[in-house]
Amino acid sequence: MTEDIVKVRWIDAQRLELGIIQKKEFAEIEPLACEIVGHRIFENKEWITIAQEKWDGEMGAKYIHVIPKVSILKITKLKEVKR
């Protein structure tokens, strides 16, 4: 697998700290649509792993997000623009 740079859009849970929420308002609470741009450092059938920072070779990565594929709305492969 190549370590492409990608933008991933997915649905995530959200934690509300609004105090008491009335029962009639429950249906209005929605999950959050999130986006990340980074290096695709791992992927299998169940999840994709994105690193926002990566060092050459085997040195490592930082700011890792593991996103379940069931939550993903769209993956866009980005490309380098040559000037």
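All residue numbers in the sequence shown are consecutive under my numbering, ending with 88.
Backbone N, C-alpha and C define an ideal beta-carbon position, used for all residues, glycine too.
Using a Cβ-Cβ distance cut-off of 8 Å, the segment 51–62 and the segment 28–35 are not in contact, since fewer than three pairs of beta carbons, one from each stretch, lie closer than that value. Taking 8 Å as the cut-off, the beta carbon of I77 is found no closer than this to the beta carbon of A56. Secondary structure note for K84: it is in no beta strand (DSSP E), with a DSSP letter that is neither H nor E. Ranked by Cα distance from W15, the options L23, C39 and L21 are led by C39. Here DSSP, grouped into helix, strand and coil, assigns K50 to coil.
Around the beta carbon of I72, 16 or more other beta carbons sit within 10 angstroms, so the residue counts as buried.
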